[in-house]
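A quick write-up on the structure given underneath.
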Ligand code: GRG
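In UniProt numbering, the protein residues as written are 1 to 332.
In structure tokens:
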């Protein structure tokens, strides 16, 4: 007896990337500071700016937003005591928003605008004795934060402020018998966290620690008949997993293990033909998070209208090259 699959049906349209609409969607995002959705997302504003700026740069349209305004905003969000950066003025610093801020400044080629020594001290202060990282002073541990730590430190060229061997051992202790990774030891494998752990190993030159055959098999099983990818078994497909899964497969040299054609069709069906932007699934409301990860995945699939994206950092490849950072990928 066949098991029913949790999936969606997708429309055949649109078949093309609605390039100009997406540029307008991102460029106008946040113009109305009283917009309900904009107000409700204040707690993740710094990442929202990273998603928008990166999306625009992938479309060769970086000049559509005000660089000086963004850089001034980031400077106001660096905490003079801890050195960490917050999502928004008046909020507590967190490693997630510190990474987003560093990524934006790398895209703008102006890391010197903030105190990177203080950022190094902040990241180092969050490392625990077992090698894991807190996200902030409140003490949540998650492999997302291990990724953020090494991504930040490699971009600011201060990897030596942490105990790298312990950091690697902690991430490897989160590897499950299915080849995947969870948020902490013995936690369920999840595509988002697999991306974080594979990205972590790519930055720290430890990809040989992976069981690539097993992990890539688990990842390609995320593709559903609709062509979309889910984040774990039995879940619905979502455009953001096009990024988390595809980037991980790309780093492992196994992008061809899924059907690119079907995935592309799924992603294109999640575009909003009126407003621009991508949603999680066909017919839903678009948002800036899914818009970046839709564009990022299309770039990994080789869309010629987009700049090449780096699979480890989700930043334009030319920026990673300019920063002289060399995350590893496996070539088969
Ligand atoms: C620089 C690209 C970049 C990322 C920074 C924070 C981070 C590192 C990565 C996050 C990875 C992650 C955990 C992604 C998953 C996000 C998501 C949509 C989670 C939803 O989880 P559930 O359980 O959804 O609500 P499912 O799909 O499992 O039902």
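Where is the CB? At the ideal position from N, CA and C, for every residue including glycine.
In the structure shown, the three-state DSSP call for residue 65 is coil. Assignment of residue 181 by DSSP, reduced to helix, strand and coil, places it in the strand class. The secondary-structure analysis by DSSP pairs residue 278 across a beta bridge with 271 and 287.
For residue 40, the enclosing alpha helix (DSSP H) has its first and last residue at 36-40. For residue 159, DSSP records no beta bridge to any residue.
One Cα belongs to residue 142, the other to residue 194, and the distance between them is close to 12 Å. Three or more Cβ pairs closer than 8 Å define a contact, and the region 54-64 meets that threshold against the region 292-307.
With a threshold of 16 other beta carbon atoms within 10 Å, residue 5 falls short and is exposed.
Taking a C-beta distance under 7 Å as the contact criterion, residue 52 and residue 26 qualify as a contact pair. For residue 85, the three-state secondary structure derived from DSSP is strand.
Secondary structure at residue 128: coil, using DSSP grouped into helix, strand and coil. Contact fails between the region 27-46 and the region 265-272, because fewer than three Cβ pairs, one in each stretch, are under 8 Å apart.
The C-beta separation of residue 102 from residue 152 comes to about 5 Å, placing the pair in contact by the 8 Å criterion.
Judged by their CB atoms, residue 155 and residue 314 are not nearer to each other than the 7 Å cut-off. Taking the C-beta atoms as reference points, residue 302 is found no nearer than 7 Å to residue 262. For residue 316, the pairing in a beta bridge is given by DSSP as 309. Minimum Cα-Cα distance from residue 145 among the listed residues 158, 113, 197 and 72 corresponds to 197. Taking the Cα positions, residue 328 is about 7 Å away from residue 251. When DSSP assignments are scanned along the region 223-252, the uninterrupted stretches of alpha helix (DSSP H) that are 4 or more residues long and fall wholly within it turn out to be 239-251. DSSP lists no bridge partner for residue 174.
In the DSSP assignment, residue 93 is bridged to 86.
Secondary structure note for residue 55: its alpha helix (DSSP H) is the uninterrupted segment 45-58. Restricting attention to 321, 311, 312 and 304, the CA atom closest to the CA of residue 16 is found in 304. Judged by their CB atoms, residue 122 and residue 90 are not nearer to each other than the 7 Å cut-off. Close CB contacts of residue 140 within its chain, under the 7 Å cut and outside five residues either way in sequence, are with 134 (chain order).
Secondary structure at residue 264: helix, using DSSP grouped into helix, strand and coil. In the three-state reduction of the DSSP assignment, residue 206 falls in the coil class, being assigned neither a helical nor a strand state.
Residue burial annotation: residue 256 is exposed, with fewer than 16 other C-beta atoms found within 10 angstroms of its C-beta. At least 7 Å separates the beta-carbon of residue 161 from that of residue 204. Of the residues 110, 117, 128 and 45, the one whose Cα lies closest to the Cα of residue 100 is 45. Between residue 182 and residue 158, the C-beta gap is not smaller than 7 Å, which leaves the two residues out of contact.
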